[in-house]
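Structure first, commentary second.
2 protein chains.
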Amino acid sequence: MSIDAILSHIDDEIPNAIDRLKELLRIPSISTDPAYSQHCQQAADWLVNDLRSIGVEASKRETPGHPMVVGHFGDSGPHVLFYGHYDVQPVDPLELWNSDPFDPQIEGTPNGPVIRGRGSSDDKGQLMTFVEACRAYKSVTGTLPCRITFFFEGEEESGSPSLIPFLEENADELKADIALVCDTSMVSPGVPSISSQLRGMLKDEFTIHGPRIDLHSGHYGGPGLNPLKEISRIIATFHDEKGRVAVENFYDGVHEVPAELLRQWENCGFDEETYLNSVGFTQPHGEEGYSALVQQWARPTLEINGLWGGYQGIGSKTVIPAEAHCKLTCRLVGDMDPDNVRAALRKHVEDRLSPDARVTWDSDLDGSPASVMNIDRPEFERARQALSDEWNREAVFAGMGGSIPVTRFFTDILGLDSMLIGFAQDDDAIHSPNEKYNVESFHKGIRSWARVMDKLTNY
Amino acid sequence: MSIDAILSHIDDEIPNAIDRLKELLRIPSISTDPAYSQHCQQAADWLVNDLRSIGVEASKRETPGHPMVVGHFGDSGPHVLFYGHYDVQPVDPLELWNSDPFDPQIEGTPNGPVIRGRGSSDDKGQLMTFVEACRAYKSVTGTLPCRITFFFEGEEESGSPSLIPFLEENADELKADIALVCDTSMVSPGVPSISSQLRGMLKDEFTIHGPRIDLHSGHYGGPGLNPLKEISRIIATFHDEKGRVAVENFYDGVHEVPAELLRQWENCGFDEETYLNSVGFTQPHGEEGYSALVQQWARPTLEINGLWGGYQGIGSKTVIPAEAHCKLTCRLVGDMDPDNVRAALRKHVEDRLSPDARVTWDSDLDGSPASVMNIDRPEFERARQALSDEWNREAVFAGMGGSIPVTRFFTDILGLDSMLIGFAQDDDAIHSPNEKYNVESFHKGIRSWARVMDKLTNY
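Protein chains in written order, with UniProt numbering: chain W, 1 to 459; chain H, 1 to 459.
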């Protein structure tokens, strides 16, 4: 059976594939907010049914949080574990969406049609590229090309609290030769990319407490400690004037990018101007002396993701609030240790508190170190060839600014290397209002997986 | 008729007076939020009916905002204009209230019983001290002691947008010999106080805009400008390390307190330790080199009243938000000009913006300069004697950290001096959850007004 028949079937089936994706997108499976837990169940059920429809022995597996979906097909040939996540980010601020985030539609844009809706790119659309490739194989050949374990989680956007225990309890069942992950972007539009290194992540959250109660800014303005001023002053000390994180010991384990890798990256097709201009920037704003690409892929960050306190309503309120709150994440590189970074950060804040101020920390937030992929394995070169064939452009090994903690757990718990191939674009607005996935990414993504599976099996 | 009969009637009537106050407190007349405008109408109607019940010719007067209540009684003798406001602050954060803010109850506390509820102290409870004193006079003597114009507004907590036009259009009707205002505190529990100077206020609000859309902190963390970091950095420049406002030209028009006045203040019964400790502070946090009292009464401030941006929900969201917001107020002293302060502040922010960041300002927020009362008028000494008699303790002329802009407008538009007498306490939690008014403040406040009116009439 030639791959061409499968690719041709994929082309014919695209309208139906889009309809199936829309069905999945209509389920508001926001994992971080307990109000949506029934919808996470519903998305898992939908996937179980869909996998069964192509002959996969699939089941929903309960956890203390949202369920996992596990499916098995075949018992011979190369064995891949395919990972994706069915949960999505919250949609706030809802008023900035131009359409219902959970009523996906196809929209024309200057760069071609897109599927608009929460999860279209991260990660339901990407996940379904693989499932649709399998469906095409099944339709045309009556079987799948190799032995496949499907593994979908529903807590990726909320720190994956059930992932490690589940992997540990089901390690024998989940073991394979290599893991495939579809949750990453292309370096630039049209440049097929395999992610070769990922940043890690550390999440934390703190509250600055000042007065015992909210105060009137007339009665206490002046003598009163204002937690909003206090938190601003402390956050302002997180970076120096060159954009470098000013927390002591923060950079322990950070290495400069080797010259040879830097040269490869400079030729990987990344378009700094488009990357910056597309979101309204004229220059990179990270550490001085590094390109936007290196700032994104190979330098650590300390970002404030949420900051609040006092009155946010209409009009004015003359209040000195009792508390101020900050959510933050650090992206980690090299050998940075999440626990050490957390300790350094907390010490930094505690050392800078004014008298009468105190800080409390949210203790439930996780961390994971950076990852570097094992690109010397033969599967990487086979996949690179398959992607180059599909996109008619040399595929590249690229860094990545995001964090996919699951790859680290696959290594540590299952002893599995991961290969990350994704078709998202920088302007997909993942985690933002008006998330989209290019129809081209979806269509050629499906074709790409068909070719990759073919090459992994028939090398 | 001796004052004693009136005071005795007040004592007998206290349970009924409390019931009437509770009725008024049950009306959620939050002026800053348009959702409550019908309740502002309802509070105004309640007051019109209550004034009519004691023989005052009262009416509700519509404005483009919330209505005024105006009432007249008598045509001879000294003529006072009594001012109060029936609107209240918002109640957020609602979850910090121990009871429904609009279901007032009497609670026992170590310092005696209190009336708990929004507006109990600011200003419905205080306003009703004067009305109840009038009611007692009417019951016992069949008339009121002097000529009185009652003037209640419903926009004091939202910048009084209708006040100036209303005063200008009705100046002839509202003119009197002196204005009485009951919206202030006692220097310390049990120390009757006439406020002799007030701080002014300038309100402003700004938004820092960074990227065109919310960004993913993996894709753009590093190269992306984060408005939450930007706003924190800028707010941190508002003060220097000695607690002084670091905005150029901010202190234009600020004068040091004259030595003689400072000496009076030092002996006025203000208890710095109680003032600070009662809300959780061990030391004053304003400008170095000034006592808490001077920081509160005679030094200007720049306070952040609201700060927000990014994700505030449960869990984590790896977002770099497009915007960050800040609400602020400055308390003004001496000859500080609100327009000049606003211009200086805006320039300060604009001069410090990073490339690719921009700022927008809310243009609807007002300002008013500081006020000094004309305490050489004979009415002040008569009131001081009346208060000293009631509280069995020498009454004092005190400064005040808050702002009562209406006194400035009475001077400018009606040519009226104001006398500010109030019975609130520092721990009343006005503008905060669990606002209260001591029953003693209410009871002795009513008796105090009866004595003051008696002294103003029969001197």
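The beta-carbon is built from N, C-alpha and C at its ideal position, and this holds for glycine as well.
Range of the contiguous alpha helix (DSSP H) that encloses residue i
{"i": "H:TYR437", "result": "Careful: H:TYR437 lies outside any alpha helix (DSSP H), inside the beta strand (DSSP E) at 436-438."}
{"i": "H:MET68", "result": "Note, H:MET68: premise wrong, no alpha helix (DSSP H); beta strand (DSSP E) at 68-73."}
{"i": "W:MET128", "result": "124-141"}
{"i": "W:GLN283", "result": "It is not in any alpha helix (DSSP H) - W:GLN283 carries neither H nor E in the DSSP assignment."}
{"i": "H:GLN89", "result": "Premise fails: H:GLN89 is in no alpha helix (DSSP H) and is neither H nor E."}
{"i": "W:GLU272", "result": "272-277"}
Residue span of the beta strand (DSSP E) that contains residue i, given as start and end
{"i": "W:ILE194", "result": "193-198"}
{"i": "H:SER37", "result": "Careful: H:SER37 lies outside any beta strand (DSSP E), inside the alpha helix (DSSP H) at 37-53."}
{"i": "H:ARG233", "result": "H:ARG233 -> not in any beta strand (DSSP E); alpha helix (DSSP H) instead, spanning 227-236."}
{"i": "W:ARG331", "result": "323-332"}
{"i": "H:ASN305", "result": "301-310"}
{"i": "W:PHE150", "result": "147-153"}
{"i": "W:GLN105", "result": "105-107"}
{"i": "H:VAL359", "result": "358-361"}
{"i": "W:SER418", "result": "418-421"}
Cα-Cα separation between residue i and residue j, rounded to whole angstroms
{"i": "W:LYS175", "j": "W:GLY415", "result": "8 Å"}
{"i": "W:ASP351", "j": "H:HIS9", "result": "60 Å"}
{"i": "H:VAL80", "j": "H:ILE115", "result": "28 Å"}
{"i": "W:SER354", "j": "W:HIS348", "result": "13 Å"}
{"i": "W:ASP45", "j": "W:LYS60", "result": "7 Å"}
{"i": "H:LYS22", "j": "W:PRO433", "result": "46 Å"}
{"i": "W:ILE446", "j": "W:SER418", "result": "19 Å"}
{"i": "W:HIS66", "j": "W:GLN89", "result": "14 Å"}
{"i": "W:PHE281", "j": "H:ASP356", "result": "6 Å"}
{"i": "W:ASP87", "j": "H:GLU323", "result": "26 Å"}
{"i": "H:GLU394", "j": "H:LEU163", "result": "35 Å"}
{"i": "W:ASN170", "j": "W:ILE178", "result": "16 Å"}
{"i": "H:ILE6", "j": "H:ALA133", "result": "8 Å"}
{"i": "residue 462 of chain W", "j": "W:GLY71", "result": "Because chain W is modelled from 1 through 459, residue 462 of chain W falls outside the range shown and cannot be assessed."}
{"i": "H:ALA344", "j": "H:ASP75", "result": "49 Å"}
{"i": "H:ILE413", "j": "H:ARG377", "result": "19 Å"}
{"i": "H:GLY310", "j": "W:VAL254", "result": "28 Å"}
Distance CB(residue i)-CB(residue j) smaller than 8 Å
{"i": "W:PHE166", "j": "W:TYR83", "result": "no"}
{"i": "H:ASP204", "j": "H:LEU365", "result": "yes"}
{"i": "W:ALA259", "j": "H:ARG233", "result": "no"}
{"i": "H:VAL187", "j": "H:VAL396", "result": "yes"}
{"i": "H:GLY210", "j": "H:LEU225", "result": "yes"}
{"i": "H:GLY190", "j": "H:TRP361", "result": "no"}
{"i": "W:THR184", "j": "W:SER195", "result": "yes"}
{"i": "W:VAL359", "j": "W:PHE206", "result": "yes"}
{"i": "H:CYS330", "j": "H:LEU302", "result": "yes"}
{"i": "residue 460 of chain W", "j": "W:ARG408", "result": "In the structure as shown, chain W starts at 1 and stops at 459, and residue 460 of chain W therefore has no counterpart that could be examined."}
{"i": "W:LYS436", "j": "H:ASN305", "result": "no"}
{"i": "W:CYS182", "j": "W:THR457", "result": "no"}
{"i": "residue 460 of chain W", "j": "W:THR109", "result": "What the structure shows of chain W is the stretch from 1 to 459, and residue 460 of chain W is not part of that stretch, so it cannot be assessed."}
{"i": "H:ILE208", "j": "H:ILE106", "result": "no"}
Exposure of residue i, with buried meaning 16 or more beta-carbon neighbours within 10 Å
{"i": "H:ASN438", "result": "buried"}
{"i": "W:ASP92", "result": "buried"}
{"i": "W:ARG299", "result": "buried"}
{"i": "W:GLN126", "result": "buried"}
{"i": "W:ILE314", "result": "exposed"}
{"i": "H:TYR275", "result": "buried"}
{"i": "W:GLY112", "result": "exposed"}
{"i": "W:ILE320", "result": "buried"}
{"i": "H:ALA292", "result": "buried"}
{"i": "W:SER99", "result": "exposed"}
{"i": "residue 462 of chain H", "result": "Nothing about residue 462 of chain H can be reported from this structure: the residues present for chain H run from 1 to 459 only."}
Worksheet item: Would you say the stretch 215-222 of chain W touches the stretch 393-407 of chain H, given that touching needs at least three Cβ pairs under 8 Å?
Response: Touching, yes, given that three or more Cβ pairs across the two stretches are closer than 8 Å.
Worksheet item: Are three or more beta carbon pairs between the stretch 368-383 of chain H and the stretch 263-282 of chain H nearer than 8 Å?
Response: A contact between stretches requires three or more CB pairs, one per stretch, nearer than 8 Å, and the stretch 368-383 of chain H fails this requirement with the stretch 263-282 of chain H.
Discussion item. Tell me whether the stretch 136-146 of chain H and the stretch 379-390 of chain H touch, counting them as touching only if at least three CB pairs, one residue from each stretch, are closer than 8 Å.
Written reply: Taking 8 Å as the limit for Cβ pairs, the verdict is that the stretch 379-390 of chain H does not touch the stretch 136-146 of chain H.
Worksheet item: Is the stretch 26-40 of chain H touching the stretch 53-63 of chain H in the sense that three or more CB pairs, one from each, lie closer than 8 Å?
Response: Two segments are said to touch when three or more pairs of C-beta atoms, one from each, lie closer than 8 Å; by this definition the stretch 53-63 of chain H does not touch the stretch 26-40 of chain H.
Discussion item. Is it the case that the stretch 154-161 of chain W contacts the stretch 442-459 of chain W, given that we only count it when at least three CB pairs across the two stretches are under 8 Å?
Written reply: The stretch 442-459 of chain W vs the stretch 154-161 of chain W: no contact.
Practice prompt. Please determine if the stretch 18-36 of chain W and the stretch 116-132 of chain W are in contact, where contact requires at least 3 C-beta pairs separated by less than 8 Å.
Written response: Yes, the stretch 18-36 of chain W touches the stretch 116-132 of chain W.
Discussion item. Is it the case that the stretch 333-343 of chain W contacts the stretch 325-338 of chain H, given that we only count it when at least three CB pairs across the two stretches are under 8 Å?
Written reply: Segments in contact, no.
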